[in-house]
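Quick notes on the structure that follows.
Residue numbers (the numbering used here), protein chains in the order written: chain X, 71 to 169; chain Z, 20 to 254.
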């Protein structure tokens with residue numbers, strides 16, 4: 071099987087997953103439970119994806135933990151997205167140099 | 020007044036910079052898995068998703084079946100269905116069917132998060148601006164990583180592994196600080212996720228994320244139903 075077939079199948083599945091609910095769901099949701107659920111879903115997804123995976127993200131527990139801590143502290147003070155992300159990486163890098 | 024397209028691009032700049040560094044790592048991975056630079060960049064251009072692409076490239080490298088590819092993409096990316104559904108509640112009336120067909124391609128964790136956090140309805144041009152610049156970062160980073168990844172020192176490329184998570188933390192921490200309901204949901208999802216990772220290890224990562232997120236958001240919705248004024252603000 072050629073790589074192109076794999077890539078095409080992968081892209082088609084990923085697109086349909088996004089397109090179907092976005093295009094065919096037109097009504098405003100009335101149910102308070104469903105509206106609340108949909109409001110909380112992004113935070114729940116990102117939190118579950120981040121913890122505990124962030125602690126193995128650099129391949130080293132100590133540098134990952136330092137990076138994660140720096141990110142949480144900077145995010146707590148509402149610093150911009152990109153600054154938080156790059157500071158996490160930079161602090162993990164510096165910690166790695168010191169070890 | 021600035022056009023929605025420009026505003027979308029501006030809001031997309033941090034996403035694009037984050038993607039540039041994250042996809043650099045993906046480019047390295049893809050080439051190591053046997054893809055060419057062009058194929059690696061094509062995967063990024065056609066999928067625009069991190070975890071799904073990494074898993075997909077793994078399946079290509081292992082010579083897996085197409086069925087496996089379909090199932091893995093479904094499980095890892097099904098969260099986009101929830102995000103698409105959530106975002107569909109926030110769309111401006113200008114969002115006609117063709118716009119929805121096009122813009123849905125660009126629903127990622129970060130674009131969704133930024134769009135969700137906007138006060139008021141989302142217009143097609145706003146989303147296009149954000150998607151365009153984010154895609155430029157994602158594809159550009161993949162191309163650079165695939166072309167030049169091997170020359171990068173190990174200490175730098177491993178430290179880049181945390182960039183994506185740093186972005187996620189930057190998205191979830193500020194609202195958790197301001198709203199008890201969101202703090203509850205993020206902690207609940209994190210605790211469940213730790214349990215799946217270390218205790219219920221037979222569940223695959225993709226399924227685990229879905230179960231954790233659905234459970235935490237459902238309990239959050241039961242305990243802290245959102246008040247109606249959120250809805251009125253949007254109209």
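C-beta: ideal position from N, C-alpha, C; glycine also.
Look at the segment 161 to 184 of chain Z: the residues with a C-beta under 7 Å from a C-beta of chain X are 174, 175, 177, 178, 179, 180, 181, 182, 184. Residue 115 of chain X sits away from residue 222 of chain Z, with the two beta carbons spaced by 8 Å or more. Its Cα nearest to that of residue 186 of chain Z, the residue X:157 stands out among X:165, X:108, X:157. About 43 Å separates the beta carbon of residue 133 of chain X from that of residue 93 of chain X, a gap too long to meet the 8 Å contact definition.
Considering only beta carbons, the part of the segment 217 to 238 of chain Z lying closer than 7 Å to chain X consists of 228, 231, 232, 235, 236, 237, in chain order. Here residue 219 of chain Z carries a coil assignment [DSSP, helix/strand/coil]. Of all residues in the segment 111 to 131 of chain Z, only 116, 119, 120, 123, 124, 126, 128, 131 come within less than 7 Å of chain X when Cβ atoms are compared, listed by chain position. Between the alpha carbons of residue 202 of chain Z and residue 117 of chain X lies a distance of about 10 Å. Bounds of the alpha helix (DSSP H) holding residue 135 of chain X are 131 to 146. The DSSP-derived three-state label of residue 97 of chain Z is coil. Contact between the segment 193 to 201 of chain Z and the segment 107 to 114 of chain X is present: three or more C-beta pairs spanning the two stretches fall below 8 Å. By the Cβ criterion, the segment 137 to 145 of chain X is not in contact with the segment 99 to 109 of chain X, since fewer than three pairs of Cβ atoms, one from each stretch, lie closer than 8 Å.
Ranked by how close their Cα comes to the Cα of residue 233 of chain Z, the residues Z:213, Z:245, Z:207, Z:219 have Z:207 in first place. The beta carbon of residue 42 of chain Z sits no closer than 8 Å to any beta carbon of chain X. Closest in C-alpha terms to residue 119 of chain Z, from the list X:124, X:119, X:121, X:96, comes X:96. If you check the CB distance, residue 120 of chain X and residue 184 of chain Z come in under 8 Å. In the three-state reduction of the DSSP assignment, residue 201 of chain Z falls in the helix class. If you check the CB distance, residue 153 of chain Z and residue 130 of chain Z come in under 8 Å. Taking a 10 Å sphere around the C-beta of residue 142 of chain Z, we find 16 or more other C-beta atoms and assign the residue as buried.
For the pair residue 171 of chain Z and residue 47 of chain Z, the Cα-to-Cα distance works out to about 10 Å. Scanning chain X for C-beta atoms nearer than 8 Å to the C-beta of residue 99 of chain Z yields 84, 87, 88, reported in chain order. Nearest C-alpha to residue 77 of chain Z among Z:94, Z:61, Z:49, Z:235: Z:49.
At least one beta carbon of chain X lies nearer than 8 Å to the beta carbon of residue 75 of chain Z.
The DSSP-derived three-state label of residue 149 of chain X is coil.
Neighbours of residue 158 of chain X across chain Z, judged by C-beta separation under 8 Å: 181, 182, 184, 185, 188. Secondary-structure assignment with DSSP links residue 141 of chain Z through a beta bridge to Z:110. Using a Cβ-Cβ cut-off of 8 Å, residue 169 of chain X does not count as an interface residue toward chain Z, since no Cβ of chain Z sits closer than that to its own. When Cβ pairs closer than 8 Å are counted between the two stretches, the segment 121 to 130 of chain Z is seen to touch the segment 76 to 95 of chain X, the count reaching three or more. Judged by DSSP in its simplified three-state form, residue 245 of chain Z adopts coil rather than helix or strand. When DSSP states are grouped into helix, strand and coil, residue 172 of chain Z belongs to the coil group. At a Cβ-Cβ threshold of 8 Å, residue 125 of chain X and residue 174 of chain Z do not count as neighbours. Close to residue 33 of chain Z, with beta-carbon spacing below 7 Å, are these residues of chain X in chain order: 150, 151, 152.
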